[in-house]
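Participant:
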Amino acid sequence: MSTSPEKNKTILSGITPSGRLHVGNYFGAMKQHLDFIEKGDAFYFIANYHALTSLRDGELLKQYTLDVAIDYLSLGLDPGKCTFFAQSDVPAVTELSWILGSLCPVSLMEKGVAYKDKVAQGLAPNIGLFTYPILQAADILIYHSDIVPVGADQKQNLEFSRDLAQKLNNAYGDELLRLPEPYIVKDVAIVPGIDGRKMSKSYNNHIFIFDEGKVLKKKVMSIQTDATPLEDPKDPDSCNVFSLIKLFAGKDKLAEIREAYEAGGYGYGHAKKELLTLFSGYFAEARERRRELEKDTDTVLDILRDGGRKARERAETVMQPIREATGIIRTH
Ligand code: ADP
Ligand code: TRP
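Just so it is clear: in the sequence shown, position 237 is 236 by numbering that gives the first Met the number 0, and no numbers are missing.
#1: Is residue 295 near ligand 2, with its Cβ less than 7 Å from a heavy atom?
#2: For residue 45 and residue 66, what's the separation of their Cα atoms in angstroms?
#3: For a test of the three-state rule: what should DSSP assign to residue 353, helix, strand or coil?
#4: Nearest to residue 316 by alpha carbon, out of 130, 175, 200, 180?
#5: Would you mind working out which of 28, 43, 36, 84 sits nearest residue 302, comparing C-alpha positions?
#6: Taking the alpha carbon of residue 306 as the reference point, which residue from 88, 48, 72, 182 has its own alpha carbon closest?
#7: Along the chain, where does the alpha helix (DSSP H) that runs through residue 320 open and close?
#8: Given that a residue counts as buried once 16 or more other Cβ atoms are within 10 Å of its Cβ, and exposed if not, what is residue 202?
#9: Skipping 5 residues on each side, what residues in its chain have a beta carbon closer than 6 Å to that of residue 232?
#10: Would you mind stating whether residue 277 and residue 219 have Cβ atoms separated by less than 8 Å?
#11: Is there at least one non-hydrogen atom of ligand 3 closer than 7 Å to the beta-carbon of residue 34?
#12: Is any heavy atom of ligand 1 found at a distance shorter than 7 Å from the C-beta of residue 106?
#13: Nearest CA to the CA of residue 19: which residue from 265, 12, 71?
#14: Name the residue from 55, 194, 259 whose alpha carbon lies nearest to the alpha carbon of residue 229.
#15: Check whether the Cβ of residue 160 lies closer than 7 Å to any heavy atom of ligand 1, and answer yes or no.
#16: I think residue 148 touches residue 12, with their Cβ atoms under 8 Å apart; what is that distance to the nearest whole Å?
#17: At a threshold of 7 Å, does residue 150 count as lining ligand 1 (C-beta to nearest heavy atom)?
#18: How would you call residue 132, buried or exposed, if buried means at least 16 neighbouring beta carbons within 10 angstroms?
#19: Do you know offhand how far residue 141's Cα is from residue 314's?
#20: Look at the alpha carbon of residue 129 and the alpha carbon of residue 138, and state the distance between them as a whole number of angstroms.
#21: Out of curiosity, what's the CA-to-CA distance linking residue 238 and residue 281?
#22: With respect to 7 Å, is the separation between the Cβ of residue 155 and the closest non-hydrogen atom of ligand 1 below this value?
#23: DSSP puts residue 98 in a beta bridge; with which residues?
#24: Between which two residues does the alpha helix (DSSP H) holding residue 73 run?
#25: Around the Cβ of residue 101, are there at least 16 other Cβ atoms within 10 angstroms (buried) or fewer (exposed)?
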């Protein structure tokens, strides 16, 4: 179900720092997050506990966490207008996750499609991966989130969150948790990778948002296309290069490129060069900001610290009544 966001609603979303962020992450998730900031009280966090389910290198996790923070800030996230933080700065989410897990039938998690997909892709089937949606539910429910903008692949996880909120409310009291509405972002096409499959770090077919120079050129030039000869007309709608161009080009430019495809005499090499120019221009400012922020990680950590404090305060207002209702004593 989709809902229209309203100003006074709490909006929440998270991104897992399990690698550097790519163009699919940007158009499929981050851009929506940035657009939503104006539409309510937004909470965005870096899901570093979730990343532990697939990453076993502490230094790398720290690096990816900081990278995601720098990426968001470079791409225009204004920390004055939302609460931006690391999941681990709100340890009470793991506490709520345990409480929800104690109410969650194993059979509910056994329905999880993301778990099955990840195991099929070769990830170790650990308990963290299996109960990933319970931690995700805690992330959402602990701030009394109203709206959770996510890609279509997260729909089932949001249904689990609603189920788990309902279970806790049924067991301990109706008002304890709020049932969030998913906001499944429509019109976001799956961004293809350089081999034409869904762009994903698991397929190693990605273009990172902050790729540049030779690395970027090499990736763009290796995007798979068919063998239509240069002089022949081409179908833009079945071309991977055009699918990517669509994300970066303005209306007029796009119409011009479409015409060139259909007229013939315009090769895939031309289209790739066009994509390279559009891509570089699109992220030029963000790239500049990133260069500055990379040199100033103290500021980035201060921003996360500030967001973490605000998020913890909100989380405590939701957790305290739950501790009382469930009988969890705290002496401090
Ligand atoms: P990956 O497939 O690289 O592991 P993630 O699953 O970590 O990416 O993706 C984080 C978010 O980015 C997802 O919720 C999804 O909505 C979005 N996303 C990832 N890849 C794409 C893509 N190719 N097209 C559109 N959205 C994507
Ligand atoms: N599972 C999400 C993803 O892979 C990341 C995430 C963790 C999340 N907790 C969340 C998203 C809470 C929205 C709300 O993209």
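Glycine included, every Cβ here is placed at the ideal spot set by N, Cα and C.
Facilitator: Quick look at the numbers:
#1: Reading the sequence shown from its first residue, position 296 is the one you call residue 295. Every heavy atom of ligand 2 is 7 Å or more from the Cβ of residue 295, so no.
#2: As a first step, residue 45 is located in the sequence shown; it is residue number 46 there, counting from the start. As a first step, residue 66 is located in the sequence shown; it is residue number 67 there, counting from the start. Going from the Cα of residue 45 to the Cα of residue 66 covers about 10 Å.
#3: Only positions 0 to 331 of the chain appear in the structure, and residue 353 is not among them; the question remains open.
#4: To locate residue 316, count along the sequence shown from 1; it is residue 317. Closest by alpha carbon: 175.
#5: Here residue 302 is taken as the residue at index 303 of the sequence shown, counted from 1. Considering only alpha carbons, the answer is 84.
#6: Within the sequence shown, residue 306 is the residue found at index 307, counting from 1. Of 88, 48, 72, 182, the residue nearest in Cα terms is 88.
#7: Your numbering for residue 320 matches position 321 in the sequence shown. It spans 296–325 - the alpha helix (DSSP H) in which residue 320 sits, taken as one unbroken run.
#8: For this step, residue 202 is matched to residue 203 along the sequence shown. So residue 202 ends up on the exposed side.
#9: Your numbering for residue 232 matches position 233 in the sequence shown. For residue 232, where only same-chain residues beyond five positions count, the Cβ hits under 6 Å are 261, 263.
#10: By 1-based counting over the sequence shown, the position of residue 277 is 278. By 1-based counting over the sequence shown, the position of residue 219 is 220. No. Outside cutoff.
#11: Absence of ligand 3 is noted for the structure shown, with ligand 1 and ligand 2 being the only ligands found.
#12: Counting from one through the sequence shown, the residue named residue 106 turns up at place 107. Checking the Cβ of residue 106 against ligand 1 gives no.
#13: For this step, residue 19 is matched to residue 20 along the sequence shown. Ranking the options by Cα distance to residue 19, first place goes to 71.
#14: Walking along the sequence shown from the start, residue 229 turns up at place 230. Considering only alpha carbons, the answer is 259.
#15: If you number the sequence shown from 1, residue 160 lands on position 161. No.
#16: Working through the sequence shown from its first residue, we reach residue 148 at position 149. Working through the sequence shown from its first residue, we reach residue 12 at position 13. Contact flag correct, Cβ pair sits at about 5 Å.
#17: As a working note, residue 150 is residue 151 in the sequence shown. Yes.
#18: To locate residue 132, count along the sequence shown from 1; it is residue 133. Residue 132 should be labelled buried.
#19: The residue labelled residue 141 in the question sits at position 142 within the sequence shown. The residue labelled residue 314 in the question sits at position 315 within the sequence shown. Those two C-alpha atoms are separated by around 5 Å.
#20: Translated into positions along the sequence shown, residue 129 becomes position 130. Translated into positions along the sequence shown, residue 138 becomes position 139. So the two alpha carbons sit approximately 16 Å from each other.
#21: Taking the first residue of the sequence shown as 1, we reach residue 238 at position 239. Taking the first residue of the sequence shown as 1, we reach residue 281 at position 282. Cα to Cα, residue 238 sits roughly 21 Å from residue 281.
#22: In the sequence shown, the residue the question calls residue 155 occupies position 156. Incorrect: residue 155 has no Cβ contact closer than 7 Å to ligand 1.
#23: The count along the sequence shown starts at 1 and reaches residue 98 at position 99. Note: residue 98 sits in no beta bridge, so no partner.
#24: In the sequence shown, counting from the first residue as 1, residue 73 sits at position 74. Here the alpha helix (DSSP H) through residue 73 covers 57–73.
#25: Locating residue 101 in the sequence shown gives position 102, where the first residue counts as 1. It is exposed - the Cβ of residue 101 has fewer than 16 other Cβ atoms within 10 Å.
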